[in-house]
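Please read the structure below before turning to the comments.
Numbering (my numbering), first residue to last: 24 to 331.
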């Protein structure tokens, strides 16, 4: 439980002293933070039973415009995690899941750094998609893993946001709720684009690799498909989201074919308009996928999404 700072004069003086220590510890000078200020901040977390005061003061500093200030802030956060008061040592002001957002953004940036061909909206142009799918099989295999990892990150992040409404006094349709829900709109778009990429990669992999090598990919896709389906179903019932973004269904994600889940594995159903273009499908792909249909399906996903 977070204890707010004192409202009396003594409490205000303490707050001012804490602010002085934070400002003197996190300066723009390229010198290590003085130990006496760092120690004072750590001791203050035990006086306050929380580190909330530190974040409220430190985040007003030029963290985003000065790399030295940002570096020292991260150092002090590291110190507080290790040595600060164990309760709320890395508290999120106002209950926003900030650390989850940082983790998500970091994963997103790593994906773009590794695959420069992927644009910010995750929607590859046909020429770029063709180039990506014609990569060597081992590279394409890894590409599929990385895409599913990123889709996992999206689903985990949206779940944290929606779960953050549990026990709060405001409704999702309030101004406060809209502020917290805003990233979910981007998660919807990210998830749809990533799902489409994963589908393309999986079918290409079945053209170039033996089916037995892709069992893990198929099982993982099944779990992602179920989780994403639940996510889209949930947000499609939230009017405050529907008014800002189109909520896709999984059948709308891929334009050239429909994905059907059969006993936990992929089957390609060719749409009528594609039958002429694909009148002679590669039997290796169809047989490789269909040959696994009699295998037992993977266990159902354990994650649950809720909004209170």
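Even glycine gets a Cβ: it sits at the ideal position worked out from N, Cα and C.
Rounded C-alpha distance that separates residue i from residue j
i: residue 253; j: residue 271; result: 12 Å
i: residue 39; j: residue 65; result: 15 Å
i: residue 287; j: residue 241; result: Only weak support exists for where residue 287 lies, its pLDDT of 43 falling under 50; the value from the coordinates is given anyway. When rounded, the distance between both Cα atoms is 8 Å.
i: residue 150; j: residue 160; result: 19 Å
i: residue 75; j: residue 162; result: 45 Å
i: residue 301; j: residue 204; result: Caution applies to residue 301, whose pLDDT of 34 falls short of 50 and renders its modelled position unreliable; the value that the coordinates give is listed next. Taking the straight line from one Cα to the other gives about 42 Å.
i: residue 214; j: residue 231; result: 26 Å
i: residue 67; j: residue 83; result: 19 Å
i: residue 98; j: residue 122; result: 15 Å
i: residue 47; j: residue 79; result: 15 Å
i: residue 89; j: residue 258; result: 38 Å
i: residue 211; j: residue 201; result: 15 Å
i: residue 69; j: residue 186; result: 29 Å
i: residue 96; j: residue 125; result: 15 Å
i: residue 238; j: residue 229; result: 10 Å
i: residue 250; j: residue 49; result: 42 Å
i: residue 321; j: residue 178; result: In this predicted model, residue 321 has a pLDDT of only 45, less than 50, meaning its place in the structure is not dependable enough to derive any value.
i: residue 188; j: residue 198; result: 13 Å
i: residue 267; j: residue 233; result: 43 Å
i: residue 87; j: residue 100; result: 16 Å
i: residue 247; j: residue 71; result: 43 Å
i: residue 262; j: residue 165; result: 38 Å
i: residue 209; j: residue 158; result: 29 Å
i: residue 269; j: residue 139; result: 27 Å
i: residue 104; j: residue 73; result: 11 Å
i: residue 94; j: residue 109; result: 23 Å
i: residue 81; j: residue 152; result: 44 Å
Buried or exposed by the 16-neighbour rule on C-beta atoms within 10 Å, applied to residue i
i: residue 154; result: exposed
i: residue 58; result: exposed
i: residue 219; result: buried
i: residue 107; result: buried
i: residue 61; result: buried
i: residue 260; result: exposed
i: residue 56; result: buried
i: residue 255; result: buried
i: residue 235; result: exposed
i: residue 243; result: buried
i: residue 41; result: buried
i: residue 245; result: buried
i: residue 132; result: exposed
i: residue 36; result: exposed
8 Å Cβ cutoff met for residue i and residue j
i: residue 145; j: residue 216; result: yes
i: residue 147; j: residue 221; result: no
i: residue 224; j: residue 167; result: yes
i: residue 264; j: residue 207; result: yes
i: residue 92; j: residue 51; result: yes
i: residue 172; j: residue 137; result: no
i: residue 156; j: residue 227; result: yes
i: residue 77; j: residue 43; result: no
i: residue 134; j: residue 141; result: yes
i: residue 181; j: residue 130; result: no
Range covered by the alpha helix (DSSP H) that runs through residue i
i: residue 155; result: 149-156
i: residue 211; result: 198-231
i: residue 129; result: 121-137
i: residue 15; result: With the chain covering only 24 through 331, there is no way to say anything about residue 15.
i: residue 68; result: 58-71
i: residue 251; result: 238-259
i: residue 270; result: Careful: residue 270 lies outside any alpha helix (DSSP H) and carries neither H nor E.
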